[in-house]
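Enquirer: Attaching a single structure in C-alpha cells format; questions to follow.
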Amino acid sequence: MSGRTMAEKIFSRMAGREVRAGEFVEVSPDWTFSLDDGIGLIEKYLAAHGVTTLAHPERIVLFYDHYAPADTPLHGTIHRNGRLFARRHGIFRLHDVGDGISHQVATETGLVQPGQVVVNTDSHTMTIGATGALGMGIGASEMAFLMATGKLWFRVPTTLKVNLTGSLAPWATAKDAILSLIRTLTARGATYRIVEFGGEGLGRLDMASRMTLCNMATELGAKSSLIEPDACTAAHFAALGRTELPTLVRPDSDCRYDAIHPLDLSSVQPMVARPHRVDNVVAASELHDVAIHQAFLGTCTNGRYEDLVVAAGILKGRRLAPGVRMIVTPASREVYRRAIRSGVLEILADAGCTVTTAGCGACAGMHQGALGDQEVCISSSSRNFLGRMGNRNALVYLGSPATVSASAVTGRITDPRELTTH
Amino acid sequence: MGKTIAEKILARHANCPAVAPGDYVTADVDMVVLSEGLSLVLEDFRSLGRGRVFDPERLIVSPCQTTPSKDLSAAFHSLRTRQFVQEQGIRNYFEIGRGGIMHLVTAENGFALPGEILVGSDSHTCTNGALGALCVSLGLGFAPTLATGQTWFKVPHTARVVVEGAARPWVGAKDVMLHLLAEKGSDGFLYQSIEFYGSFVRDAPMSERFVLCNMAVEAGAKTGIVPPDEKTLAYLHGRAKRPFEVVTSDPDADFISEVLIDVAALEPLVALPDNPANGVPISQVGHVAIDQVFIGSCSNGRIEDLRICASILEGRQVHPRVRVVLMPGSHSVYTQAAREGLLATFAAAGVSVGPAGCGACAGFNVGVLGDGERAISTANRNFKGRMGPPSSQVYLANPAVAAASAVAGHILSPADL
Chain S
153 MSGRTMAEKI FSRMAGREVR AGEFVEVSPD WTFSLDDGIG LIEKYLAAHG VTTLAHPERI
213 VLFYDHYAPA DTPLHGTIHR NGRLFARRHG IFRLHDVGDG ISHQVATETG LVQPGQVVVN
273 TDSHTMTIGA TGALGMGIGA SEMAFLMATG KLWFRVPTTL KVNLTGSLAP WATAKDAILS
333 LIRTLTARGA TYRIVEFGGE GLGRLDMASR MTLCNMATEL GAKSSLIEPD ACTAAHFAAL
393 GRTELPTLVR PDSDCRYDAI HPLDLSSVQP MVARPHRVDN VVAASELHDV AIHQAFLGTC
453 TNGRYEDLVV AAGILKGRRL APGVRMIVTP ASREVYRRAI RSGVLEILAD AGCTVTTAGC
513 GACAGMHQGA LGDQEVCISS SSRNFLGRMG NRNALVYLGS PATVSASAVT GRITDPRELT
573 TH
Chain X
334 MGKTIAEKIL ARHANCPAVA PGDYVTADVD MVVLSEGLSL VLEDFRSLGR GRVFDPERLI
394 VSPCQTTPSK DLSAAFHSLR TRQFVQEQGI RNYFEIGRGG IMHLVTAENG FALPGEILVG
454 SDSHTCTNGA LGALCVSLGL GFAPTLATGQ TWFKVPHTAR VVVEGAARPW VGAKDVMLHL
514 LAEKGSDGFL YQSIEFYGSF VRDAPMSERF VLCNMAVEAG AKTGIVPPDE KTLAYLHGRA
574 KRPFEVVTSD PDADFISEVL IDVAALEPLV ALPDNPANGV PISQVGHVAI DQVFIGSCSN
634 GRIEDLRICA SILEGRQVHP RVRVVLMPGS HSVYTQAARE GLLATFAAAG VSVGPAGCGA
694 CAGFNVGVLG DGERAISTAN RNFKGRMGPP SSQVYLANPA VAAASAVAGH ILSPADL
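If you're matching them up, the sequences are chains S and X in order. Here our numbering is used: the first residue of the first sequence is 153, the next is one more, and so on. Here our numbering is used: the first residue of the second sequence is 334, the next is one more, and so on.
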C-alpha cells in the first residue's frame, strides 16, 4: 500500500478514518467562510427551508470584500442584513468594510491552521493552501446546507504534483511561473485535482509568492491546491506569535500522484494571459504594441504588500503614461497599513495611482474600476474572461504586478525588464 | 447707487456699463467646470451643429462623481467624456489619480479667479465664489455655453451675510452655514448672490471660505461670494492661470438684506434628516446611533478637514459597530495626507480611505447605505435617498463632529469625547 498525499491525510483526519483518492466522504469543515456577494442568497435558502439555528456558528466567518464599501442600495442592504444575520446567529467573526479579501485576511491573521479545511463561497479559496490548509470553493446552496447541517460531502481528489526547481530571475515572479504552468497544462489541466507544489525550488519562494501559485491553480480547474509546510510556513505562523503549531501535514514520500509536472523557475519570463482565457499565455515582450487604458493592481492573486512594493519599485520617480489610469486595491487593511507605514503608498499615489479601499476591487467588475467599451486593461488578477471586469466589449490581459506597473508607465503592455536594469 | 460684486462681474462680462437686479443679460463666461457629467449633454451639444467647443482652454474636466467607475454605466460616461476631451483638444483634463472633485481641482490649479465667471453642471459650482469669482451652476443646460462661451443670466439681488466674532473650539464655517440655513430656510436666499463679510470671514482660512460659498446653494442662493482680500491673493499667488482684476462691492451698493451671525454664540450644529436646513445645536440632538460616517465632499474634503479628523482619531479607534468611509476631495489632498501621516492615522483608527472624488456624498459611487441605516456626513446635502435607499437617513455636520461620532458610535460633540 502506497503512502498518502497531503489531501488524503487531511480528508482522513476530517472523516475519522483512513481514506484514499476517489472515496466519498462526509466531513465537517473546520471553517466556513461566506462573503457579501453570497450571503444574501444563502439567507434566502436558509429561510426557504425554515432553518432557524446554524450548526456551527463559531466556525463561520463573514467577509465583506466583493463590494465594500457598498456601491448600490441593494448591496448596502445586503451588508446590513448580513450584520443582523451574524448577530442573530451568534457569528462573532465579521470582517466588515475595508478589512479586505477573505483569503488574505484568513492567511495574514493566522486564523486558519495548516492541515485545516476551509470552505468558502469563492473560487479562489485554495489561496490559503500556501499555508498547508485545504481551501475549497462551493456554491451558495451548498453553503446554506453546510451552515444548516455542519456537514458536506466530497470525493477525495487525486493529486497533481508540481515539482519546482531553480530560482526566479529578476522581474520574473510567481505570477509568471503560474501563467507558464497554465499555458502548458491548460485551463482543464487539473480538473478536480489537488495541485500540490513542492520540490527544491519551493524553499526560495516567500509566502506571498506561494499564495499566488495556489490562488491560480483554480485556473487549472483544480479542486484545491496545497503547499507542503516547511520552514517558510513555520516562520509565517511564528511571526504571528504562534509558538505552538499543529502537527504539520506532509505528503508521504511514497504517496501516489496522478502526475508529476516539472517547473523550472529559472526559465520563467514575464508572461501575460491574453483575452479571454487564462491559458491564452504568451511572453509579455510579444505584446509590446498593445496599448492600455487601465492598469489594475490588486486581488487575492497579487494585492499583497510584496506586490505593492514591486509596483513602487517601478513607479518611484515615474508618472503614469498620459491617458492611462492605474487602480491599486490593497488586498487587506493590513496590506494598506503596511504600505502607508513604509511609504510605498505615497510613492504609488505620487505616480498617479488611484488607491481604493481594500477588497476585491475591480477584479470581477463589481466595484470601482469597471471598463468602458473597447478599453484595454492589464490586470494583476486571476481571470480575464469575456466581461470579467464589467464589460463584454473590453479586453483584459493578466500579468504580474511588475508587468502591470511597467505597462502603466509606458502605456502599452511592457516586459518590466524593459524599464529596469538588472 | 453703488454695485455689488455680482452686478459688477455680470456688467463687465455682458459688456454693459451697469446692470441692476432683475435685468436679463448675456454674458461671456471665463471657465466651464465639468465632470464626467459632460457625457450627459453630448447629444445636446452635437445637435447645435457647431462641432467645436468655443475654446478648449476654457474648459476644465475632472471626472469625480462616479469614478473609479463602479459599473458599466459609469464606465460608459467616463469613456465618452475622455473621447470628447481628446476630440476637442481639451488640455485641462484631470484623469483619476491626477484630479478629484472638479471644484477643488479648479481652485487648486488656479482656474478660479476674482472677477471671473465660472459656470458648470454641478450644483456646488458656487464653491469657488470663495475666490471672488461669480460661480454658477447651469445644471445640464450648458450645451449652448460649450458652443458659444456665453450664457444668459437674470442679474440676482445680493444679500450681505456678516459673520462676526471668534468661533468656539470645534465650531467652523460648516456650523455657520447650518445655522444660517436653520434660520433662513432652504429658500432663504432664493436666486440671490450672498456676499460674506465680518471678522470671522476675514480670519477664516481659504478652506473655510470654500465651505461658506459651497453651502450657499442650500439656502437657495444663486451663488456665494467672499470678497477677495490678502488671503485670496496669497492663495492665488503662483497658482493663478492668468492675470485677473479683483472686484469688490461699492460701499453704497444695494443689498436686498443683511443677516448678522454671532459665531461666538454657536456650538457645532447637526442637520437632521432630510434637509440641510434642519440644523440644531448638537447639544439638542440626543442619542442618535450611527452606522456609517462619511468624511469628504466639496464641502469638507480638504486637507484642513482631514487634519481636524486626524487630530481626533489619533490614538483612538472607530467604534466597532461603525464604518468610516473617507474620500479626500482631490488627489493632491490624498498625496498631502499621505505625506503628513494623516492616512497612517486613519488606517490605524480603522477608517476606510477611498480614492479622491465625490465619494459617498450623492450615492453615485461607493459608501451607499443599506435599508434603514443612519449616517453622519460632512457633505452638504441630506435629502431623502441622497446616500442610499429612501429609508436611510443622513445627518450633516462638520468634520470634527463626524470624527468624534465615529469614535463614539453615536452623534457626539468632539468637546464631549
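Glycine residues also receive a C-beta, built at the ideal position from the N, C-alpha and C atoms. Computed from a predicted model, the values in this text were never measured in an experiment.
Compute the beta-carbon to beta-carbon distance between X/Y667 and S/A501, rounded to the nearest angstrom, for a pair I have assumed lies under 8 Å.
Expert: Taking the second sequence and counting its residues from 1, one reaches residue 667 of chain X at position 334. Taking the first sequence and counting its residues from 1, one reaches residue 501 of chain S at position 349. That pair is a contact at about 6 Å.
Enquirer: Using a Cβ distance threshold of 8 Å, determine whether the stretch 529 to 541 of chain S contacts the stretch 363 to 374 of chain S, with at least three qualifying pairs required.
Expert: yes
Enquirer: Where are the beta strand (DSSP E) runs, 3 residues long or more, that stay fully inside the stretch 641 to 703 of chain X, in chain order?
Expert: Runs found: 656 to 660.
Enquirer: By Cβ distance, which residues of its chain are closer than 6 Å to S/P403, with the 5 residues on each side in sequence left out?
Expert: Taking the first sequence and counting its residues from 1, the one referred to as residue 403 of chain S is at position 251. So the list reads T157, M158, once near-sequence residues are dropped.
Enquirer: Please report how far the alpha carbon of S/H574 lies from the alpha carbon of S/T325, in whole angstroms.
Expert: Taking the first residue of the first sequence as position 1, residue 574 of chain S is located at position 422. Taking the first residue of the first sequence as position 1, residue 325 of chain S is located at position 173. Below a pLDDT of 50, predicted positions are generally treated as unreliable, and S/H574, at 47, falls in that range; the measurement from the model is reported next regardless. Their backbone Cα atoms lie some 15 Å apart in a straight line.
Enquirer: Could you tell me whether the Cβ of S/D189 comes closer than 7 Å to any Cβ of chain X?
Expert: As a first step, residue 189 of chain S is located in the first sequence; it is residue number 37 there, counting from the start. Taking Cβ atoms only, chain X never reaches closer than 7 Å to S/D189, which makes this a no.
Enquirer: Between X/C397 and S/E210, what straight-line distance do the alpha-carbon atoms span, to the nearest angstrom?
Expert: The sequence position of residue 397 of chain X within the second sequence is 64, counting from 1. The sequence position of residue 210 of chain S within the first sequence is 58, counting from 1. Taking the straight line from one Cα to the other gives about 42 Å.
Enquirer: So, are the CB atoms of X/V488 and X/L471 less than 7 Å apart?
Expert: Indexing the second sequence from 1 puts residue 488 of chain X at position 155. Indexing the second sequence from 1 puts residue 471 of chain X at position 138. Cβ distance not < 7 Å, so X/V488 and X/L471 don't count as in contact.
Enquirer: Between the Cα of X/F697 and those of X/N715, X/G674, X/G721, spot the shortest distance and give me the residue it belongs to.
Expert: Translated into the one-based positions of the second sequence, residue 697 of chain X becomes position 364. Among X/N715, X/G674, X/G721, the Cα nearest to that of X/F697 is on X/G721.
Enquirer: Taking contact to mean at least 3 C-beta pairs separated by less than 8 Å, is the stretch 450 to 469 of chain S in contact with the stretch 423 to 437 of chain S?
Expert: no
Enquirer: Counting only Cβ-Cβ distances shorter than 7 Å, please list the residues of the stretch 504 to 520 of chain S near chain X, keeping chain order.
Expert: G504, C505, T506, V507, T508, T509, H519, Q520
Enquirer: When you check each C-beta in the stretch 404 to 419 of chain X against every C-beta of chain B, which residues fall closer than 7 Å?
Expert: Here chain B cannot be found, since the structure's protein chains are S and X.
Enquirer: Got a sec? Which residues, its chain only, sit under 7 Å from S/S154 by beta carbon, not counting five neighbours each side?
Expert: Taking the first sequence and counting its residues from 1, one reaches residue 154 of chain S at position 2. These residues qualify, in order along the chain: D406, C407, R408.
Enquirer: Go through its chain and collect everything with a Cβ distance to S/G262's Cβ below 7 Å, but skip five positions before and after it.
Expert: As a working mapping, residue 262 of chain S is identified with position 110 in the first sequence. F389, L392, R394.
Enquirer: Would you check if the stretch 508 to 520 of chain S and the stretch 336 to 344 of chain S touch, i.e. whether three or more CB-CB distances between them fall below 8 Å?
Expert: no
Enquirer: Is X/H570 helix, strand or coil when you go by DSSP?
Expert: The sequence position of residue 570 of chain X within the second sequence is 237, counting from 1. In the structure shown, X/H570 sits in coil (DSSP, three-state: anything other than H, G, I, E or B).
Enquirer: Whole angstroms is fine: what's the gap from S/C505's alpha carbon to X/A500's?
Expert: In the first sequence, counting from the first residue as 1, residue 505 of chain S sits at position 353. In the second sequence, counting from the first residue as 1, residue 500 of chain X sits at position 167. If I take the Cα positions, the gap works out to 38 Å.
Enquirer: Helix, strand or coil, according to DSSP, for X/T359 in the structure here?
Expert: As a working note, residue 359 of chain X is residue 26 in the second sequence. Looking at X/T359 - three-state DSSP - the assignment turns out to be strand.
Enquirer: Say whether chain S places a C-beta atom closer than 7 Å to the C-beta of X/S395.
Expert: Taking the first residue of the second sequence as position 1, residue 395 of chain X is located at position 62. Not closer than 7 Å to any Cβ of chain S, the Cβ of X/S395 fails to qualify, so no.
Enquirer: To the nearest angstrom, how far is the alpha carbon of X/F533 from that of X/E673?
Expert: Translated into positions along the second sequence, residue 533 of chain X becomes position 200. Translated into positions along the second sequence, residue 673 of chain X becomes position 340. Cα-Cα distance, rounded: 27 Å.
Enquirer: Does any C-beta atom of chain S lie closer than 7 Å to the C-beta of X/P401?
Expert: As a position in the second sequence, residue 401 of chain X is number 68, starting the count at 1. With 7 Å as the cut-off, X/P401 counts as an interface residue toward chain S.
Enquirer: For X/A736, which residues of its own chain have a beta-carbon under 6 Å away from its beta-carbon, when the five flanking residues on both sides are left out?
Expert: Counted from its first residue, the second sequence places residue 736 of chain X at position 403. Answer for X/A736: C642, I645, L646, listed in chain order.
Enquirer: In terms of residues, what are the limits of the beta strand (DSSP E) holding S/M423?
Expert: Here residue 423 of chain S refers to the residue found at position 271 of the first sequence. Where S/M423 is concerned, the enclosing beta strand (DSSP E) stretches over 423 to 425.
Enquirer: Using 10 angstroms around the beta-carbon of S/H218, count the other beta-carbons present and answer buried if the total reaches 16, otherwise exposed.
Expert: Counting from 1 along the first sequence, the entry for residue 218 of chain S is found at position 66. So S/H218 counts as buried.
Enquirer: So the candidates are S/L304, S/L193, S/A258; which of them puts its Cα closest to the Cα of S/A282?
Expert: By 1-based counting over the first sequence, the position of residue 282 of chain S is 130. Cα-wise, what sits closest to S/A282 is S/A258.
Enquirer: Classify X/P732 as helix, strand or coil using the three-state DSSP reduction.
Expert: Mapped onto the second sequence, residue 732 of chain X falls at position 399. If DSSP states are grouped into helix, strand and coil, X/P732 belongs with the helices.
Enquirer: Verify the CB distance criterion: does S/L354 have a CB-CB separation below 7 Å to chain X?
Expert: Along the first sequence, one-based indexing puts residue 354 of chain S at 202. Not closer than 7 Å to any Cβ of chain X, the Cβ of S/L354 fails to qualify, so no.
Enquirer: How would you label X/N715, buried or exposed, when you count the other beta carbons within 10 angstroms and need 16 or more for buried?
Expert: Here the question's residue 715 of chain X lines up with position 382 in the second sequence. X/N715 comes out buried.
Enquirer: Can you check which of these residues, S/K161, S/D182, S/R485, is closest to S/A173 by C-alpha distance?
Expert: Within the first sequence, numbered from 1, the residue matching residue 173 of chain S stands at position 21. Ranking the options by Cα distance to S/A173, first place goes to S/K161.
Enquirer: For chain S, check one thing: does any of its Cβ atoms lie closer than 7 Å to the Cβ of X/T668?
Expert: Residue 668 of chain X sits at position 335 when you count from the first residue of the second sequence. Closer than 7 Å to some Cβ of chain S, the Cβ of X/T668 qualifies, so yes.
Enquirer: Quick one: which chain X residues come within Cβ less than 7 Å of S/M478?
Expert: Looking up residue 478 of chain S in the first sequence gives position 326. Result: G430.
Enquirer: Does DSSP classify S/A383 as helix, strand or coil?
Expert: Counted from its first residue, the first sequence places residue 383 of chain S at position 231. The answer is helix: DSSP assigns S/A383 an H, G or I state.
Enquirer: What do you reckon, are the CB atoms on S/V213 and S/F244 nearer than 7 Å?
Expert: Within the first sequence, residue 213 of chain S is the residue found at index 61, counting from 1. Within the first sequence, residue 244 of chain S is the residue found at index 92, counting from 1. No, the Cβ-Cβ distance between S/V213 and S/F244 is not below 7 Å.
Enquirer: Hey, how far is the Cα of X/M334 from the Cα of X/L513?
Expert: As a working mapping, residue 334 of chain X is identified with position 1 in the second sequence. As a working mapping, residue 513 of chain X is identified with position 180 in the second sequence. Answer to the nearest angstrom: the Cα atoms are 28 Å apart.
Enquirer: Checking 7 Å against the spacing of the C-beta atoms, do S/D520 and X/P401 come in under that value?
Expert: Counting from one through the first sequence, the residue named residue 520 of chain S turns up at place 368. Counting from one through the second sequence, the residue named residue 401 of chain X turns up at place 68. The identity of residue 520 of chain S in the sequence shown is Gln, whereas the question assumes Asp. Result yes, Cβ atoms of S/Q520 and X/P401 sit closer than 7 Å.
Enquirer: Got a sec: is the Cβ-Cβ distance from X/V621 to anything in chain S below 7 Å?
Expert: Locating residue 621 of chain X in the second sequence gives position 288, counting from the first residue. Chain S, which has no Cβ nearer than 7 Å to the Cβ of X/V621, makes this no.
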